[in-house]
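Shown next, in structure tokens, is the structure this report addresses.
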Amino acid sequence: LWKGSLISDPTVGIRKKSKVPGVMITQFKEELPEGMTTPDFTRKPIALTIQEGKLAVFKAKITGNPTPTVTWGRANGEIHYHPDVCLQKYDEATQEHTIEFPKVSPEDADTYKCFATNEHGRAVCTVVLNVIEVGFSKTREMQKTQVEDVADFRKKLKKRNPDGTREEKPMDSEEKVWEILLSADKKDYERICAEYGITDFRGMLKRLNEMKKEREEEIAAFVTHISTLKHIEVKDDDCATIELDMELKDPTSKIFLYKDGVMVPFTQEGADELKHNLKQVGKKYVFTIKKLGIEDAGLYSVDVGGVNVFSTDFKVPEVDFAVKIQEVKALEREDALFQCVLTAPMSEIKWYGKSALLTNGEKHEIIVSEDKLIHKLIVRDCMPLDGGIYAAVAGIKSCNAFLVVEEKFTLNMPESKVTDLQCPPKFIVPLKMHTAPQGYECYMSCAVKGDPTPHVTWLRNNISLNTNTNYFISNTCGVCSLLILRVGAKDTGEYKVVAENGMGRAECSTKLTVRGKF
Numbered sequence: 001l002w003k004g005s006l007i008s009d010p011t012v013g014i015r016k017k018s019k020v021p022g023v024m025i026t027q028f029k030e031e032l033p034e035g036m037t038t039p040d041f042t043r044k045p046i047a048l049t050i051q052e053g054k055l056a057v058f059k060a061k062i063t064g065n066p067t068p069t070v071t072w073g074r075a076n077g078e079i080h081y082h083p084d085v086c087l088q089k090y091d092e093a094t095q096e097h098t099i100e101f102p103k104v105s106p107e108d109a110d111t112y113k114c115f116a117t118n119e120h121g122r123a124v125c126t127v128v129l130n131v132i133e134v135g136f137s138k139t140r141e142m143q144k145t146q147v148e149d150v151a152d153f154r155k156k157l158k159k160r161n162p163d164g165t166r167e168e169k170p171m172d173s174e175e176k177v178w179e180i181l182l183s184a185d186k187k188d189y190e191r192i193c194a195e196y197g198i199t200d201f202r203g204m205l206k207r208l209n210e211m212k213k214e215r216e217e218e219i220a221a222f223v224t225h226i227s228t229l230k231h232i233e234v235k236d237d238d239c240a241t242i243e244l245d246m247e248l249k250d251p252t253s254k255i256f257l258y259k260d261g262v263m264v265p266f267t268q269e270g271a272d273e274l275k276h277n278l279k280q281v282g283k284k285y286v287f288t289i290k291k292l293g294i295e296d297a298g299l300y301s302v303d304v305g306g307v308n309v310f311s312t313d314f315k316v317p318e319v320d321f322a323v324k325i326q327e328v329k330a331l332e333r334e335d336a337l338f339q340c341v342l343t344a345p346m347s348e349i350k351w352y353g354k355s356a357l358l359t360n361g362e363k364h365e366i367i368v369s370e371d372k373l374i375h376k377l378i379v380r381d382c383m384p385l386d387g388g389i390y391a392a393v394a395g396i397k398s399c400n401a402f403l404v405v406e407e408k409f410t411l412n413m414p415e416s417k418v419t420d421l422q423c424p425p426k427f428i429v430p431l432k433m434h435t436a437p438q439g440y441e442c443y444m445s446c447a448v449k450g451d452p453t454p455h456v457t458w459l460r461n462n463i464s465l466n467t468n469t470n471y472f473i474s475n476t477c478g479v480c481s482l483l484i485l486r487v488g489a490k491d492t493g494e495y496k497v498v499a500e501n502g503m504g505r506a507e508c509s510t511k512l513t514v515r516g517k518f
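In UniProt numbering, the protein residues as written are 1 to 518.
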């Protein structure tokens, strides 16, 4: 047997030694199941000093059961995975985990960490990458020019009127792509660059990092804290929302909403609502765009004072429902299926159940056909609480229908109880006194109960009669009887019935008196 007690804080778990120097292992559990192990390195990455523009590769070999997950990090900044910048690989033949820099640059120089983690623990080791710069003076001059370009471009982006508003003019494509990148998730960088024709991914990262640093300083002048930035999301009520959490240094600071660089008027909660509305609950700000149409596509930007704090690009695909979802009835504990057909292929649509966004899981299964036109939602093991309105959202189009869950008829039987009916013998009808004339028959009877069925013995003057052929003895359903066909003087005496079972014993007796012949 093993203890499964988990260390409450994995960061202060049990420290273990590795056979490989420089590897730190943290065990999450006090004792491990049989055959299970924490991650460890059998080969750790080796420090590199390499010339700029060359291929740099760190290699590591990992052990552990279950198989650990391997991730990499760096001390300063983040690793950007892109074919031109950095690649993470695993070779099944050699069982090597690698991180590669196809053309290493001075910006890649840093201390890197390799993490191997499974449910029982984590192993960590560090490695240094040094980069020898080529053409030092030229590189410095290029960097200086680049910094100047970034500064000039940022001035262009943040150009404002005296009241903090932007100049009333549509954004050009260059302004737009950089404002999108400043608020985009890292995983979307490659897609955005491909869309806007940016081919120098590493150069884009350098420029973007400079712009981000400058923007963070500008935001800090107006905002104490900003987080939970949710890009525009279409809901099931023909609306789209932009959400962000932020705490303003001055609550009276003006908030502006722009679409493609042009200011958009909006109402705040409590006023006569326009198409665009702002609702504030504590530190949460929610912009709502109602009655969505194709014309609502564009880059939406939220500014505080004269500083852009968040931007999100809203794209409206040209798609509609060829077949909408229909009302579904399902018996309790059965599955329910919603299905719709689109006019154009989409890799995924959004499903809502009672206004809550649904995801693939044990309760809900989302299925898309190979041609991406047919979309299905299966609600598993329906219960009465699952009933309500379900909606499908494709682009800015939505349709909804009811799920009716019909309760199954069930007959609730009372819980069965084990009852012990066993009891010792008991006479419910005793023997009676008998007086019989000599030469006539005599019939005696009594009734006895008990569980298990008692064994009955007849006795006369304490001598058993059960095997005496002069007496006819029977025991039917608890009625015990004795018949004497011709009573004689020898039959006079005390008659006794003894009933016995595993629970006890009972006796019943009477006297037979025989009279002389008439």
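Every residue gets a Cβ at the ideal spot worked out from N, C-alpha and C, and that includes glycine.
- A check of alpha carbon separations from CYS423 across GLN51, ASN308 and GLU500 identifies GLU500 as the nearest.
- By the Cβ criterion, the segment 323-337 is in contact with the segment 365-385, since at least three pairs of Cβ atoms, one from each stretch, lie closer than 8 Å.
- Assigned with DSSP and collapsed to three states, ILE79 falls in coil, not helix or strand.
- Residue pairing of ILE367 in beta bridges, as defined by DSSP: LYS376.
- Under the Cβ criterion (8 Å, minimum of three pairs), the segment 110-123 counts as touching the segment 35-47.
- Under the three-state reduction of DSSP, MET211 is assigned to helix.
- Scanning its chain for C-beta atoms nearer than 7 Å, with the 5 sequence neighbours on each side dropped, one finds around LYS235 the residues THR241, in chain order.
- Collapsing the DSSP output to three states places ASP451 in a strand.
- Every unbroken stretch of the alpha helix (DSSP H) spanning 4 or more residues and falling wholly within the segment 200-265 is given here in chain order: 201-220.
- DSSP places GLU295 within a helical segment (H, G or I) once states are collapsed to three.
- Here the segment 436-451 lies against the segment 481-493, with 3 or more beta-carbon pairs under 8 Å apart.
- By the criterion of a C-beta distance shorter than 7 Å, VAL319 is surrounded in its chain by LEU342, THR343, ALA344, MET346, ALA394, GLY395 and LYS397, once the five residues flanking it on both sides are discounted.
- Between the alpha carbons of THR435 and ASN466 lies a gap of roughly 22 Å.
- For ILE14, there is no enclosing alpha helix (DSSP H); the residue is found in the beta strand (DSSP E) stretching over 14-17.
- Selection CYS399, GLU370 and LEU87 evaluated against TRP351 yields CYS399 as nearest (Cα-Cα).
- Between the alpha carbons of ASN161 and MET204 lies a distance of about 29 Å.
- DSSP places VAL177 inside the alpha helix (DSSP H), whose first and last residues are 173-183.
- Per the C-alpha coordinates, the member of SER301, PHE314 and LEU278 positioned closest to ILE294 is PHE314.
- A straight-line Cα-Cα distance of about 19 Å links VAL134 and ASP84.
- Bridge pairing for ASP188: absent [DSSP].
- By the Cβ rule, the segment 174-189 counts as touching the segment 294-314, because three or more pairs are nearer than 8 Å.
- Excluding residues up to 5 positions away in sequence, GLU406 and LYS408 lie with their Cβ nearer than 7 Å to the Cβ of LEU331 in the same chain.
- At the C-beta level, ILE132 and GLN27 stay beyond 7 Å of one another.
- Residue burial is scored here from C-beta neighbours: MET211 has at least 16 other C-beta atoms within 10 angstroms and is therefore classed as buried.
- Inter-segment contact for the segment 196-203 and the segment 246-258 is absent: fewer than three beta-carbon pairs are separated by less than 8 Å.
- Distance from the Cα of THR457 is smallest, within the candidate group GLY488, PRO425 and GLN438, for PRO425.
- Taking a cut-off of 8 Å for Cβ pairs, the segment 47-64 and the segment 94-101 touch, as three or more such pairs fall below it.
- Annotated as distal: VAL448 and PHE472, with beta-carbon spacing of 7 Å or more.
- DSSP places PRO424 within a strand segment (E or B) once states are collapsed to three.
- For GLU52, no beta strand (DSSP E) segment is defined, and its DSSP state is neither H nor E.
- Under DSSP, ARG74 takes part in a beta bridge, and its partners are TYR112.
- Under DSSP, HIS120 forms no beta bridge with any residue.
- Within its own chain, the residues whose Cβ lies closer than 7 Å to the Cβ of VAL264, once the five positions on either side in sequence are excluded, are LEU257, TYR258 and HIS276, listed in chain order.
- For PHE321, the closest of LYS372, GLY306, GLY282 and LYS283 by C-alpha to C-alpha distance is LYS372.
- Rounded to the nearest whole angstrom, the C-alpha separation of LYS16 and GLY305 is 53 Å.
- The beta carbon of LEU48 lies closer than 6 Å to those of ALA56 and LEU129 in the same chain, with the five residues before and after it left out.
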